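In what follows, a structure is listed as structure tokens, so that the remarks can point back to it.
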Amino acid sequence: MAHKYNQGSYPNPIHPSRTRVGWIGTGAMGAAMAGRILSAGYSLTIYARTPSKASSLLSSGASLASSPASVASLSDVIFSMVGHPHDVRSVLLDPVPGAISSLSPGSVLIDCTSSHPALAREVAEASKGKNCFSVDAPVSGGDVGARDGTLAIMAGGEGGGYSVAGTAL
2 MAHKYNQGSY PNPIHPSRTR VGWIGTGAMG AAMAGRILSA GYSLTIYART PSKASSLLSS
62 GASLASSPAS VASLSDVIFS MVGHPHDVRS VLLDPVPGAI SSLSPGSVLI DCTSSHPALA
122 REVAEASKGK NCFSVDAPVS GGDVGARDGT LAIMAGGEGG GYSVAGTAL
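Counting from 2, one number per residue, gives the positions in the sequence shown under this note's numbering.
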């Protein structure tokens with residue numbers, strides 16, 4: 002189903018000079034994955050429940066946001082990589098601090114957490130309600146794969162969101 006905002010395609014190809022990237026979750030895998038985004042030259046805003054886990058990203062040029070919603074409001078493409086499905090619900094779907102509440106039309110949300118299909122559908126529907134794209138993209142390969150850039154990524158989503166995710170991942 003095409004989105005009203007952009008009829009199924011992301012309006013601008015992503016590029017380090019013009020795409021603002023947000024990252025939610027800076028554990029062992031999230032921090033390593035976010036670090037690869039930074040090293041590719043993207044502007045990166047992060048949210049970390051435990052800010053000390055983000056110190057290496059901050060010293061490499063990332064900015065720290067106070068909430069997942071703040072990350073979303075400052076980003077065009079938002080990644081989440083958190084520990085468990087209940088964490089996904091908290092950082093993405095909660096009405097006040099959740100990222101979806103602050104998505105701008107046309108944004109792309111990419112969740113890399115291993116989760117439940119029903120939750121991925123719920124995130125996708127909530128994103129559509131904001132005229133945004135959602136891509137479910139769980140990964141395999143552990144923290145070594147995240148650090149080395151060798152993760153296997155099983156991504157699924159609609160139209161332009163999937164295209165953006167493929168480029169970003």
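Just so it is clear, CB atoms sit at the ideal spot from N, CA and C, and this is done for glycine as well. Please read these numbers as outputs of a predicted model, since none were measured by experiment.
Sub-9 Å separation of residue i and residue j beta-carbons
i, j, result
"A29", "I47", "no"
"T1", "P96", "As shown, the chain starts at 2 and ends at 170. That puts residue 1 outside it, with no answer to give."
"V83", "S108", "no"
"G160", "A138", "no"
"S44", "T20", "yes"
"V89", "L120", "yes"
Unbroken alpha helix (DSSP H) run spanning residue i, endpoints
i, result
"L152", "Taken as a continuous stretch (DSSP letters only), L152 belongs to no alpha helix (DSSP H), as it is neither H nor E."
"S81", "Counting along the chain, S81 falls outside any alpha helix (DSSP H), though it belongs to the beta strand (DSSP E) covering V78 to S81."
"A73", "P69 to S74"
"P86", "P86 to V89"
"A66", "Premise fails: A66 is in no alpha helix (DSSP H) and is neither H nor E."
"A32", "A29 to S40"
"S61", "No alpha helix (DSSP H) contains S61, which DSSP labels as neither H nor E."
Where the beta strand (DSSP E) containing residue i begins and where it ends
i, result
"R21", "R21 to I25"
"I47", "S44 to Y48"
"S135", "F134 to D137"
Distance between beta carbons of residue j and residue i, contact taken as under 8 Å
i, j, result
"I101", "V136", "Rounded, the Cβ-Cβ distance is 14 Å, inconsistent with contact."
"S57", "A32", "7 Å"
"I154", "V145", "Not a contact, Cβ separation roughly 15 Å."
"P98", "C133", "The pair is not a contact, with the Cβ atoms about 17 Å apart (cut-off 8 Å)."
"V124", "L75", "That belief does not hold up - the Cβ atoms of V124 and L75 are roughly 20 Å apart, past 8 Å."
"G142", "L152", "4 Å"
Chain C within 9 Å of residue i, Cβ atoms only
i, result
"D88", "Any reference to chain C falls outside this structure, which holds one protein chain only."
Length-filtered (4 minimum) alpha helix (DSSP H) runs lying within the stretch 97-131: 118-130
Stretch pair the stretch 46-63 + the stretch 30-38: three plus CB contacts closer than 8 Å: yes
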